[in-house]
Amino acid sequence: MDNYKPNNMILQTTTSLIAFLLLGFAVYLLFAGHNSPGGGFVGGLMTSGAILLLNMAYGSLTVKKMLPINFTMLIPIGLLIAIATGLGSFIFNVPFLSHTFGYFTFPIFGEVELATAMLFDFGVYFTVVGVVMTIILSIAEDQ
Amino acid sequence: MNVKEIIEFIAALLMLIGAIMAMISAIGIIRFPDVYTRSHAGTKSSTLAVLLTLTGAFLHFAVEQGFYSVRLLLGIVFVFLTAPVAGHLITRAAYSAGVKMADSTVEDELKDVFENREEDKGK
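Chains A and B, in that order, are what the protein sequence lines are. So for the first sequence, this note's numbering puts the first residue at 1; every next one is plus one. So for the second sequence, this note's numbering puts the first residue at 144; every next one is plus one.
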């Protein structure tokens, strides 16, 4: 079984298409979370699903070269973002984790409602991606 | 009948044909003799069933509520791309694991390819 190379062309070609679809849908879910189903948790799970699909088709070494991210470090980064959004409310002299929103006008998108809860969702997103990828990669690479 | 009613009728018809396709696929999975013919029934007709049903749902929401769901279109593309690949991988894994074909099989063209590969491994 040393020099046995399975022919994975069909899986790899499909994966390179599907992974883009999955990552795009994950970003959509992350931003849709405020007014429709979605949010940081589902978006994070979807992103790790896409990265796992790449891992299964191309092998973990190739993916490590492609995405040089230490997924364990994403957990403290996400938690720090979540805490920072909570501490940010102290600057405006309001209780911990008070959130606000406002309407801003952008050149292409027009008027957009931006909420600080979105930043908290980013924290959840990074933590979920970090936790899921750490669990699965550490199980998969266990010899 | 105006245009709206005609399109709604087409949407309902598409969903009905999709449901019938799914049932045909299920009957095929029960009645076919081995894993390869079963995967033939399970991937092709179920994919078509899902595509027809999703197209019907897309048409229904487009006409009824004026809502063009991009997610349904994405789902159609996604299922169309992934379901045959999943069937291919499952049957390939079954062949590699040495799953027997039905007794009525007359020819196994992949056998020579796999045996040659076994010889290459030894070199």
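Using N, Cα and C, we set each Cβ at its ideal position, and we do this for glycine too.
### Task
Can you give me the start and stop residues for the beta strand (DSSP E) that E250/B sits inside?
Segment: none, E250/B is in no beta strand (DSSP E) and carries neither H nor E.
### Message
Using a Cβ-Cβ distance cut-off of 8 angstroms, determine whether L17/A contacts chain B.
### Response
yes
### Task
Would you list the one or two residues that DSSP bridges to E113/A?
The partner list for E113/A (beta bridge, DSSP) reads Y103/A.
### Task
Check P76/A in the structure and name its three-state DSSP category.
helix
### T15/A burial status per 10 Å Cβ neighbour count (16 or more: buried)
buried
### Cβ shell of F223/B (< 8 angstroms), same chain only, five flanking positions each side left out
Closer than 8 angstroms at the Cβ level, and outside the excluded window around F223/B, lie T190 and L194.
### Task
Measure the alpha-carbon distance for P80/A versus G123/A and round it to whole angstroms.
Reading the sequence as shown, one finds Leu at residue 80/A and not Pro. Distance between the alpha carbons of L80/A and G123/A: 7 angstroms.
### Task
State yes or no: is the beta carbon of I10/A nearer than 8 angstroms to at least one beta carbon in chain B?
yes
### Query
Quick one: what's got a C-beta closer than 6 angstroms to I172/B's C-beta in the same chain, skipping five residues either side?
Excluding residues within five positions, the ones whose Cβ falls inside 6 angstroms are R181, A184 and G185.
### Message
Rounding to the nearest angstrom, what Cα-Cα distance links T72/A and G161/B in this structure?
### Response
Linking T72/A to G161/B through their CA atoms gives a straight-line distance of about 45 angstroms.
### Query
Looking at L29/A and V42/A, is the spacing between their C-beta atoms short of 8 angstroms?
yes
### Task
Report yes if the CB atom of A50/A is closer than 8 angstroms to the CB atom of Q12/A, and no otherwise.
Cβ atoms of A50/A and Q12/A: not closer than 8 angstroms.
### Query
With 16 as the cutoff for other CB atoms within 10 Å, does V112/A come out buried or exposed?
exposed
### Message
Please classify N55/A as buried or exposed, where buried requires at least 16 neighbouring CB atoms within 10 angstroms.
### Response
By the 16-neighbour rule on beta-carbons within 10 angstroms, N55/A is buried.
### Message
For chain B, check one thing: does any of its Cβ atoms lie closer than 8 angstroms to the Cβ of L21/A?
### Response
Interface residue, yes.
#### Entry: Helix, strand or coil at D142/A according to DSSP, with G and I counted as helix
coil
### Query
Rounded to the nearest angstrom, how far is the Cβ of F25/A from that of M46/A, given a contact under 8 angstroms?
Rounded, the Cβ-Cβ distance is 6 angstroms, consistent with contact.
### Task
Would you mind giving the Cβ-Cβ distance between M158/B and G199/B, rounded to the nearest angstrom? I have them listed as a contact below 8 angstroms.
4 angstroms
### Query
To the nearest angstrom, how far is it from the Cα of V27/A to the Cα of V213/B?
Each residue's Cα considered, the two are about 14 angstroms apart.
### Query
For F109/A, is the classification buried or exposed, using 16 other Cβ atoms within 10 angstroms of its Cβ as the cut-off for buried?
exposed
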